[in-house]
Structure formats: C-alpha cells, structure tokens
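*Asks:* Residue numbers (our numbering): -19 to 240.
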Ligand code: COA
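Below, the structure is given as structure tokens:
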C-alpha cells in the first residue's frame, strides 16, 4: 500500500473511504492533495475488492474549503492552464468507473463543491455549507463548476451561486437537488455507508455501465443518449452476472454477483 501525507484511504469491506486530510486548512486542495488523490484513485480503480468509493474530508468542520488559495499567488496563466489541462482530480473522479459518493461534512466550497459535483451522489450533514466563492477572489470556477453545477441544478440557481459567491445551507442545497440526502452530523457516516454497502452488492459491470449511460445524458442529444443506452443495455447480456441475476430471480434466491 502506498503511503500518503494529505489523504487517507480506508478499506471497509467492499467500500473504500478516501479522506482529504488537512483539517488545519479545512481540507483545502493543494497540489499535493491533487497528486495523491489521483494516485489513490488509480489504485482503487484497479482493486477488484473495492466496489464503491466514498470521498470525505477530515474533521467535523469542513468537507473541502476549496482550492488552496495560497498556491494561487505564484500561479501564472500558463502554469494554471497546464495544471487544469493535465489529468485533474475532478476528471479522475468523473471518469472513475465505480460509484462515487461525496460525504459532505461541513464547508463544501469552490473546488470542494466542484469535487463533490464530479461524484455520482452527494450526501451532506445539516451543518454543510455550499458555495462557489471564486468571484470574491476575482476568479471564476475552473474545476468544472460552471458546467456541472448548471447541468445539475439549472442556470438561474447556478448563476446566483456563481455571481454572488454566497453560501447556501444544507436544506437549500437539498431543495435545489445539489444533494440527495441531508442527515444530522451524527448520522451522516452510518447513512452514507448504508447506501454505499447497498450499491456495493449490485453487479459491478452493470453499475459501471449504468454510470456511463446516466453521465452521457447531459453530454449528448436525446437520440444519441437513447442509442448509447441500448448498446450498453445489450452489453450487459454478455456478462455472467446477468445470467446470475436472472436465474436468481427465477429461482427466488438472492443473486451472487462476481463482476464477470
Ligand atoms: N485555501 C487555503 N487556506 C484555507 C482555505 C483555502 N481555500 N480555506 C481555509 N483555509 C485556512 C485558513 O487560511 C486558516 O489557516 P491559518 O490558520 O493558517 O490562518 C485555516 O484554514 C482555518 O480557516 P479560517 O478562515 O480561520 O476558518 P473560519 O472558520 O474563520 O472560516 C471559511 C472558514 C471557510 C469561511 C474561510 O476559511 C474561507 O472563507 N475560506 C476560503 C474559502 C474559499 O474562498 N474557497 C474557494 C477558493 S477558490
């Protein structure tokens, strides 16, 4: 197992929990976090025992308080462009083939919100706060926020968040469809793990193809999306897990999926 300084990776049976671990800086994303998390994602992608990934921040106050603002001081347009044109953490999450759940335990700001947006499902605690505060720094989001937030919650709501930089609370985020569930801080982890474990029992290849199909919806026309869905649906028929799922239903027993 590789060692990391700014993240931790904890395997809990079929669910891996990746924690951004800079609580003294509210888990702000610096270059080291980016590099280590991308490395960990590569490793977790290849690990067949991992079926679902949960991403969270350490401590009770913050999920991720955004990009590390201190690092912006030395960035030039060219170095910043290179950083975001290279393989980014946001894209590594977006293209991660297994389900990814953001467990949001406090401040979810800027790049933190963009990271959560790259995940498949977002769950937060009652004390979570969300914003894209880049405008207050004379910036705009650069980690996918303008595109992913707008596709998720619509242009008007997204505009207000981008243009004011104001924080919204957990209930508002829920009402906007930014998060799927809001729990008390005490319940957040157990409820998130319950959902992660439920998903982890499903057929892994079908999970991967379902993700691909759903993600394609906001990146294609309806006709292209429907065609892609049919192809991916048909691809499921090549798996042993489809045989197992259908047989188990007909034999009135629980399926045992193998990821084959
Ligand atoms: N980048 C770098 N450091 C950050 C950070 C960020 N995005 N967010 C917080 N920190 C650091 C603070 O500088 C402080 O470090 P210090 O103790 O060495 O001074 C530490 O984390 C604790 O933050 P602090 O501001 O003291 O906590 P707070 O409870 O008073 O305020 C926030 C919390 C989230 C409101 C405030 O930290 C903040 O506005 N952070 C920046 C958010 C942001 O603009 N993110 C988007 C960047 S594009």
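All residues carry an ideal CB built from backbone N, CA and C; glycine is no exception.
Fair warning: this is a prediction, and the values are worked out from it, not measured in the lab.
Among 188, 212, 158, which one has its Cα closest to the Cα of residue 84?
*Replies:* By one-based count along the chain shown, residue 84 stands at place 104. Considering only alpha carbons, the answer is 158.
*Asks:* Let me know the secondary structure DSSP gives residue 87 once reduced to three states.
*Replies:* Reading the chain shown from its first residue, position 107 is the one you call residue 87. In the structure shown, residue 87 sits in a strand (DSSP, three-state: E or B).
*Asks:* Using only CA atoms, which one of 32, 209, 214 lies nearest to residue 182?
*Replies:* Your numbering for residue 182 matches position 202 in the chain shown. Closest by alpha carbon: 32.
*Asks:* Between the alpha carbons of residue 6 and residue 105, how many angstroms are there, rounded?
*Replies:* As a position in the chain shown, residue 6 is number 26, starting the count at 1. As a position in the chain shown, residue 105 is number 125, starting the count at 1. Cα to Cα, residue 6 sits roughly 16 angstroms from residue 105.
*Asks:* Which ranges does the alpha helix (DSSP H) cover as unbroken runs of at least 4 residues, wholly within the segment 129 to 175, from first to last along the chain?
*Replies:* Counting only runs of 4 or more, we get 135 to 144, 150 to 156.
*Asks:* Write down the C-beta distance between residue 221 and residue 197 rounded to the nearest angstrom, noting that I regard them as a contact closer than 8 angstroms.
*Replies:* Start at 1 with the first residue of the chain shown, and residue 221 comes out as number 241. Start at 1 with the first residue of the chain shown, and residue 197 comes out as number 217. Between residue 197 and residue 221 the Cβ distance is about 23 angstroms, and since that is not below 8 angstroms, they are no contact.
*Asks:* Quick check on the burial criterion: 16 or more other C-beta atoms within 10 angstroms. Buried or exposed for residue 254?
*Replies:* Look at the range of the chain in this structure, -19 to 240, and you will see that residue 254 is not part of it.
*Asks:* Apply the 10 Å Cβ neighbour rule to residue 68 and answer buried if 16 or more other Cβ atoms are within range, or exposed otherwise.
*Replies:* The sequence position of residue 68 within the chain shown is 88, counting from 1. Buried is the call here.
*Asks:* Specify whether the segment 17 to 28 and the segment 50 to 60 touch according to this definition: at least 3 beta carbon pairs, one from each stretch, less than 8 angstroms apart.
*Replies:* No contact exists between the segment 17 to 28 and the segment 50 to 60.
*Asks:* So for residue 236, helix, strand or coil by DSSP?
*Replies:* Counted from its first residue, the chain shown places residue 236 at position 256. Three-state DSSP puts residue 236 in coil, outside helix and strand.
*Asks:* Three Cβ pairs or more, each shorter than 8 angstroms: is that satisfied between the segment 163 to 181 and the segment -13 to 6?
*Replies:* The segment 163 to 181 is in contact with the segment -13 to 6.
*Asks:* For the ligand COA, any of its heavy atoms closer than 7 angstroms to the Cβ of residue 114?
*Replies:* In the chain shown, residue 114 corresponds to position 134, counting from 1. Yes, the ligand COA has a heavy atom inside 7 angstroms of this Cβ.
*Asks:* Is the separation between the beta-carbon of residue 13 and that of residue -12 shorter than 8 angstroms?
*Replies:* Stepping through the chain shown from its first residue, residue 13 is reached at position 33. Stepping through the chain shown from its first residue, residue -12 is reached at position 8. Contact flag unset, no.
*Asks:* Taking all protein chains shown into account, do 16 or more other C-beta atoms lie within 10 angstroms of the C-beta of residue 211, making it buried, or fewer, making it exposed?
*Replies:* Walking along the chain shown from the start, residue 211 turns up at place 231. It is exposed - the Cβ of residue 211 has fewer than 16 other Cβ atoms within 10 Å.
*Asks:* Determine the DSSP secondary structure at residue 6, reduced to helix, strand or coil.
*Replies:* By one-based count along the chain shown, residue 6 stands at place 26. Three-state result, residue 6: coil.
*Asks:* Per the DSSP calculation, residue 82 is bridged to which residue(s)?
*Replies:* Translated into the one-based positions of the chain shown, residue 82 becomes position 102. Answer by DSSP bridge pairing, in chain order: 35, 102.
*Asks:* Quick check on residue -11: does DSSP put it in helix, strand or coil?
*Replies:* As a working note, residue -11 is residue 9 in the chain shown. Strand at residue -11.
*Asks:* Which residue or residues does DSSP assign as beta-bridge partners of residue 44?
*Replies:* Numbered from its first residue, the chain shown carries residue 44 at position 64. Paired residues: 88.
*Asks:* Anyone know if the C-beta pair for residue 86 and residue 43 falls short of 8 angstroms?
*Replies:* For the purposes of this step, residue 86 is taken as the residue at position 106 of the chain shown. For the purposes of this step, residue 43 is taken as the residue at position 63 of the chain shown. Yes; because the gap between Cβ atoms is below 8 angstroms, this pair is in contact.
*Asks:* According to DSSP, simplified to helix, strand and coil, what is residue -1?
*Replies:* Taking the first residue of the chain shown as 1, we reach residue -1 at position 19. Residue -1: strand per DSSP, three-state reduction.
*Asks:* Three or more C-beta pairs under 8 angstroms: does that hold for the segment 71 to 78 against the segment 92 to 104?
*Replies:* Contact holds: three or more Cβ-Cβ distances are below 8 angstroms.
*Asks:* Report the rounded CA-to-CA distance for residue 133 versus residue 226, giving the unit in angstroms.
*Replies:* Taking the chain shown and counting its residues from 1, the one referred to as residue 133 is at position 153. Taking the chain shown and counting its residues from 1, the one referred to as residue 226 is at position 246. C-alpha separation (whole angstroms): 36 angstroms.
*Asks:* Less than 6 angstroms between C-beta atoms, sequence neighbours within five positions excluded: which residues of the same chain meet that for residue 161?
*Replies:* Working through the chain shown from its first residue, we reach residue 161 at position 181. The answer, listed in chain order, is 103.
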